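Undergrad: Structure provided below as structure tokens; questions to follow.
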Amino acid sequence: MPEPIYLDHAATTPVRPEVVEAMTPFYGPRFGNPSSLHRWGREARAALDEARERLAACLGARSDEVFFTSGGTEADNLAILGGWRARQAEGRNAVVTTPIEHKAVLGAVHQASREGAEERLCRVDANGIVDVASFDALTKTGVALASVMWMNNEIGTIQPIATMAGMAKERDVLFHTDGVQAFGKVEIDARKVPFDFLAVSGHKIGAPKGCGAAFVRRGTVLESLFHGGTQERGKRPGTENVAAAIGLARAAEMACAEREREVSRLRGLRQELEKGLREKIPDAVIHGFGAAERAPHIVNVSVPGVDSESMLMALDLQGIGCSAGSACQAGTASPSHVLTAIGASRELVNGAIRMSLGSLNDAKSVERVVEVFAKLVAKSRGLAAVAS
Amino acid sequence: MSGGVDSSVAAALLVEQGYDVVGATMKLFCYGDEVPDRPCCSLDSINDARRVCQTLGVPHYVLNLEDAFGHDVVDDFVSEYSRGRTPIPCVRCNTFTKFRDLVRKADAIDARYVATGHYARMIDGALHRGLDPAKDQSYFMWGIDAGVLPRMLLPVGHQTKAETRAVARKIGLNTADKVESQDICFVPDGDHTKIIRRKLGDSAPALSRGPIMLSSGEVIGEHEGYARFTIGQRRGVPGGFPEAMYVVAIRPESRTVMVGPKEELLGRGLVVREVNWLVAADKRCRDRRLQTADRSFASGTDNARDSTFSVQIRHHAAPAAAEVIRDQDGEIELALDEPVSAITPGQSAVFYDGDRVLGGGVIEAARDAGVRAPLPILAA
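Just so you know, the protein sequences line up as chains L and A, in that order.
Each residue of the first sequence is one higher than the one before, starting from 5 at the first, in this note's numbering.
Each residue of the second sequence is one higher than the one before, starting from -19 at the first, in this note's numbering.
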């Protein structure tokens, strides 16, 4: 089998050697608990503080606005549930969000609704862009918190976050944005865009799985999810994962430093990939293609009549790793709620394959993927012709 | 690969024999919270299958066949019970899900063969009973499209269950001593009325009260839904009669459950629909006198290897001699040499020539219940 090709960077990314290097001492001699009084503790505390500062700098934030978490899901939950619960005393009950959010956001919003929140969903267009007029109307009154993801993980469309954050601010609505896919791909600056909460995930940018951060703007009242300690200003009790925090900071710095160059490279590859696919499979549909701003690395493609499950298996056995929708508990690919929300037909939803480019890909990988994908489509269509 | 020991060992044997194996577990319905843990078709069983594949060093995929299964197997299950019949979902699953829809997935990855842990054998491209008569599952496989047979591998059919478990232990498969699943995979707690209720509602006729009646027309009691009964059943039949009484018929249009003594269970013939043949026309032994096969057939004695044509009307029924007296438009009528008990609409009638499965169909009705004069012997 030829060299395997990893095309699932939106799912996770390899841990960068520099990140491993930065983290290693904290699995070795610098193992202290930052809460300890003694020298081991002080050393760990210093390293943690420094990591916090460096990550904050990447976000245009202040140190006291950055809280380390176990990942993007926790950061989303902390912001949405913590933010909403804290506003219950004021009588603001509604949560505004979109149908294309990541399940971590939708799950947290759903939990809030079980606790009494009124859920309001914005309209999105066929490209997956939030209808700002819809957001405007829904956030006018009675809203505690709004959540709109910066960059969609399945189809890659980028939302007009600055506009919506501004609207929310005017109305005293807390604005949360899931920045998990966006961080490292678009400029995220808390001084320029007035979001109140932002979620970040380490394993999407070359840090290990199990680390992330929540940005919480100074002055925002937030209830914690966990109880029992004073770490992270009492907002996230539990002994800090020092090594992970250091790893996350290092990865963030590298991602931000390389951002423009890497985005340009990825966009070029993505365009080659899309061009190749469309040439060989003229009726292939690329979801979100018409959006004004798109992720540089995500291509979500459906070929009419081809089912994604069979395709993913066949691609895997050829050494190519892609994904589709989200996995259910049993481990099968479930139809994507994002594609359903943007109005894609059942047939296209059942055939959607997400390819996401990253550090492990180059022009050669794109060439081979196009070739193999086109061959498999032809075979699938040939089989379908025989079956019917 | 269901996660059970049979399919696990089937995979292991194929790997040993040098095949390039890909393990696939079918997700047939949503596991949800309401489904209690059980030996088969749970999240745990998927994990078992995954781990076995890991042990064997082969890829494992979970394939979503929920929609197709719901439509072809579960919906049919419910509608058959509504019609007063007793379905065999495993037959539908084999026919439509495993050996058709799953085969399409196999095509997508250029897999030449589809293998399962069924206790049946492929011999010279023909489907045969499994070696272990106590475990023979060929009865459930009559509906498979004949075109698929050349692509089927049934590795464990050539051995006994005990041998299969021994192989599992030897290889160190974690499923070696797993308890066997006896229930229908999608029926939680073995209570099939739950599915019917879920799909058709509480007021479904099949779950509603109705009379229990003798053939004379006398009503002797009331039942709580004819879906709870099958032909030959004793449970739920009122007592107080000089002899044992059995369910002899279900009349869904009047929600009536007919009961009677043993003799009324006997049928001298049956009508079979949805007939599927696994052999070419010249091998179907139609219009040939079928010889009685006695129970020693099942133990594999040599006289059973003679060319005989028999019909088996239940999984654990003995095959019975029969003659085809009508065959048109996919419907067959058979006359039985000796009366057979409890011929049940919805169950399968499977035609065998010795150990070889010739085909089968769905029992539409029993014919000529009660004793009838033997038919004249035709020239061979």
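No residue lacks a Cβ here, since even glycine has one placed at the ideal position from N, Cα and C.
Note that this is a predicted model, so its numbers are computed, not measured.
Look at PHE201 of chain L and ARG221 of chain L and say whether their C-beta atoms are less than 9 angstroms apart.
TA: Numbered from its first residue, the first sequence carries residue 201 of chain L at position 197. Numbered from its first residue, the first sequence carries residue 221 of chain L at position 217. The answer is yes: Cβ separation under 9 angstroms.
Undergrad: Is the beta carbon of PRO198 of chain L closer than 9 angstroms to that of ALA172 of chain L?
TA: Numbered from its first residue, the first sequence carries residue 172 of chain L at position 168. Numbered from its first residue, the first sequence carries residue 198 of chain L at position 194. Yes; because the gap between Cβ atoms is below 9 angstroms, this pair is in contact.
Undergrad: At 9 angstroms on the CB atoms, spell out the chain L contacts of LYS78 of chain A, in chain order.
TA: Locating residue 78 of chain A in the second sequence gives position 98, counting from the first residue. Ordered by position in chain L, no residue passes the 9 angstroms Cβ test against LYS78 of chain A, which lies about 16 angstroms from the chain.
Undergrad: What are the complete alpha helix (DSSP H) segments, minimum 4 residues, inside the segment 138 to 168 of chain A?
TA: Complete alpha helix (DSSP H) runs here, min 4: 141 to 151.
Undergrad: Who are the near neighbours of ARG385 of chain L in its chain, counting only those whose CB is closer than 8 angstroms to its CB and skipping five residues on each side?
TA: Stepping through the first sequence from its first residue, residue 385 of chain L is reached at position 381. Excluding positions up to five away in sequence, the list reads GLY309, VAL310.
Undergrad: In the DSSP assignment, what are the bridge partners of THR181 of chain L?
TA: Within the first sequence, residue 181 of chain L is the residue found at index 177, counting from 1. DSSP, once it has assigned bridges, lists L:LEU202 as partnering THR181 of chain L.
Undergrad: Starting from ASN154 of chain A, find everything on chain L with Cβ-Cβ shorter than 9 angstroms and list it in chain order.
TA: Locating residue 154 of chain A in the second sequence gives position 174, where the first residue counts as 1. Chain L residues near ASN154 of chain A: none, gap ~18 angstroms exceeds 9 angstroms.
Undergrad: Under the three-state reduction of DSSP, which class applies to ASP274 of chain A: helix, strand or coil?
TA: By one-based count along the second sequence, residue 274 of chain A stands at place 294. Since pLDDT at ASP274 of chain A reaches only 37, below the 50 mark, its modelled position is unreliable, and the value read off the structure follows with that caveat. Correct three-state label for ASP274 of chain A: coil.
Undergrad: Is the CB-CB distance between ALA302 of chain A and PRO135 of chain A below 9 angstroms?
TA: Residue numbering aside, residue 302 of chain A sits at position 322 when the second sequence is read from its first letter. Residue numbering aside, residue 135 of chain A sits at position 155 when the second sequence is read from its first letter. Their beta carbons are not under 9 angstroms apart, which means ALA302 of chain A does not touch PRO135 of chain A by this criterion.
Undergrad: Taking the alpha helix (DSSP H) that ALA(-10) of chain A belongs to, which residues open and close that run?
TA: Locating residue -10 of chain A in the second sequence gives position 10, counting from the first residue. It spans -15 to -4 - the alpha helix (DSSP H) in which ALA(-10) of chain A sits, taken as one unbroken run.
Undergrad: Going by the CB atoms, is the gap between HIS296 of chain A and ILE68 of chain A shorter than 9 angstroms?
TA: Within the second sequence, numbered from 1, the residue matching residue 68 of chain A stands at position 88. Within the second sequence, numbered from 1, the residue matching residue 296 of chain A stands at position 316. Contact flag unset, no.
Undergrad: Does the beta carbon of ASP176 of chain L fall short of 8 angstroms from some heavy atom of the ligand HEM?
TA: Ligands displayed in this structure: none; no statement on the ligand HEM is therefore possible.
Undergrad: Determine which residues of the segment 66 to 98 of chain A have a Cβ less than 9 angstroms from any Cβ of chain C, and write them out in chain order.
TA: Absent from the structure is chain C; the protein chains it does hold are L and A.
Undergrad: Could you tell me which chain L residues have their CB closer than 7 angstroms to the CB of TYR41 of chain A, listed as they occur along the chain?
TA: Mapped onto the second sequence, residue 41 of chain A falls at position 61. The contacting residues are MET317.
Undergrad: Determine the burial state of PHE35 of chain L: buried for a count of at least 16 other Cβ atoms within 10 Å of its Cβ, exposed for fewer.
TA: Walking along the first sequence from the start, residue 35 of chain L turns up at place 31. Counting Cβ neighbours within 10 Å, PHE35 of chain L comes out exposed, since fewer than 16 surround it.
Undergrad: Straight-line CA distance for MET168 of chain L to THR143 of chain L?
TA: Taking the first sequence and counting its residues from 1, the one referred to as residue 168 of chain L is at position 164. Taking the first sequence and counting its residues from 1, the one referred to as residue 143 of chain L is at position 139. Cα to Cα, the separation comes out at about 10 angstroms.
Undergrad: Quick one: list the residues of chain A neighbouring GLU313 of chain L, beta-carbon separation under 7 angstroms, in chain order.
TA: In the first sequence, residue 313 of chain L corresponds to position 309, counting from 1. By Cβ distance, chain A contributes LEU43, ASN44.
Undergrad: Could you work out which residue in L:GLU371, L:SER314, L:PHE230 is closest to LEU82 of chain L when comparing CA atoms only?
TA: Walking along the first sequence from the start, residue 82 of chain L turns up at place 78. Answer by Cα proximity: L:PHE230.
Undergrad: Which one of L:TRP154, L:LEU252, L:GLN163 has the shortest CA to CA distance from THR73 of chain L?
TA: In the first sequence, counting from the first residue as 1, residue 73 of chain L sits at position 69. Checked all of L:TRP154, L:LEU252, L:GLN163; the closest Cα to THR73 of chain L is L:LEU252.
Undergrad: Helix, strand or coil for ARG268 of chain A? Go by DSSP, reduced to three states.
TA: Start at 1 with the first residue of the second sequence, and residue 268 of chain A comes out as number 288. With a pLDDT of 43 at ARG268 of chain A, under the threshold of 50, the modelled position of that residue is not reliable, and the figure given next carries that caveat. Reduced to three states, the DSSP call for ARG268 of chain A is coil.
Undergrad: From ASP135 of chain L to PRO39 of chain A, what distance separates their C-alpha atoms?
TA: Your numbering for residue 135 of chain L matches position 131 in the first sequence. Your numbering for residue 39 of chain A matches position 59 in the second sequence. Going by the C-alpha atoms only, they are around 43 angstroms apart.
Undergrad: Hey, does VAL363 of chain A have any beta-carbon neighbour from chain L nearer than 9 angstroms?
TA: The displayed coordinates of chain A run from -19 to 360. Any statement about residue 363 of chain A would go beyond what the structure contains.
Undergrad: With THR17 of chain L and GLY362 of chain L assumed to form a contact (beta carbons below 8 angstroms), what rounded beta-carbon distance in angstroms separates them?
TA: By one-based count along the first sequence, residue 17 of chain L stands at place 13. By one-based count along the first sequence, residue 362 of chain L stands at place 358. Going by Cβ atoms, the distance from THR17 of chain L to GLY362 of chain L rounds to 6 angstroms, so yes, they are a contact pair.
Undergrad: Based on Cα-Cα distance, which residue from L:LEU226, L:ALA248, L:ALA247 lies nearest to LYS239 of chain L?
TA: Taking the first residue of the first sequence as 1, we reach residue 239 of chain L at position 235. Looking at the Cα atoms, L:LEU226 is the closest of the given residues.
Undergrad: Which residues, in chain order, does the segment 110 to 125 of chain A contribute to contact with chain L at a C-beta distance below 8 angstroms?
TA: Listed by position along the chain: nothing, the set is empty.
Undergrad: Going along the chain, which residues of its own chain have a beta-carbon closer than 8 angstroms to the beta-carbon of GLU344 of chain A, five neighbours each way excluded?
TA: Here the question's residue 344 of chain A lines up with position 364 in the second sequence. Within the same chain, GLU344 of chain A has close Cβ partners LEU250, VAL251, VAL252, ARG253, GLU311, PRO325.
Undergrad: Would you mind sorting LYS196 of chain L into buried or exposed? The rule is 16 or more other CB atoms within 10 Å of its CB.
TA: Residue numbering aside, residue 196 of chain L sits at position 192 when the first sequence is read from its first letter. Exposed, since its Cβ has fewer than 16 Cβ neighbours within 10 Å.
Undergrad: Any idea which residues DSSP pairs MET359 of chain L with across the strands?
TA: For this step, residue 359 of chain L is matched to residue 355 along the first sequence. L:VAL303.
Undergrad: Taking only the alpha-carbon atoms, compute the straight-line gap between TYR226 of chain A and GLU202 of chain A and give it to the nearest angstrom.
TA: Counting from one through the second sequence, the residue named residue 226 of chain A turns up at place 246. Counting from one through the second sequence, the residue named residue 202 of chain A turns up at place 222. Each residue's Cα considered, the two are about 15 angstroms apart.
Undergrad: Determine the chain A residues that contact ASP320 of chain L at a beta-carbon separation under 9 angstroms, and present them in chain order.
TA: Counted from its first residue, the first sequence places residue 320 of chain L at position 316. Within chain A, the residues near ASP320 of chain L are PRO39, TYR41, ILE89.
Undergrad: Would a check of beta-carbon distances place ALA284 of chain A closer than 9 angstroms to chain L?
TA: Position 304 of the second sequence, counting from 1, holds the residue named residue 284 of chain A. Annotation note: pLDDT 35 at ALA284 of chain A (below 50); position unreliable, no value reported.
Undergrad: Could you tell me the alpha carbon to alpha carbon distance between GLU122 of chain L and VAL177 of chain L, rounded to whole angstroms?
TA: Here residue 122 of chain L refers to the residue found at position 118 when the first sequence is read from its first residue. Here residue 177 of chain L refers to the residue found at position 173 when the first sequence is read from its first residue. Looking at the two C-alpha atoms, the distance is approximately 14 angstroms.
Undergrad: Pick helix, strand or coil for HIS172 of chain A, following the three-state DSSP scheme.
TA: Along the second sequence, read from residue 1 onward, the residue named residue 172 of chain A stands at position 192. Residue state, collapsed to three classes: helix.
Undergrad: Where does THR77 of chain A land, buried or exposed, given buried means 16+ other C-beta within 10 angstroms?
TA: Counted from its first residue, the second sequence places residue 77 of chain A at position 97. Buried is the call here.
Undergrad: With respect to the beta strand (DSSP E) encompassing TRP257 of chain A, which residues constitute its N-terminal and C-terminal limits?
TA: What you label residue 257 of chain A is simply residue 277 of the second sequence in a count that begins at 1. TRP257 of chain A -> beta strand (DSSP E) spans 246 to 257.
Undergrad: Exposed or buried, which one is GLY339 of chain A when buried takes at least 16 other CB atoms within 10 Å?
TA: By 1-based counting over the second sequence, the position of residue 339 of chain A is 359. Buried, because 16 or more other Cβ atoms sit within 10 Å of the Cβ of GLY339 of chain A.
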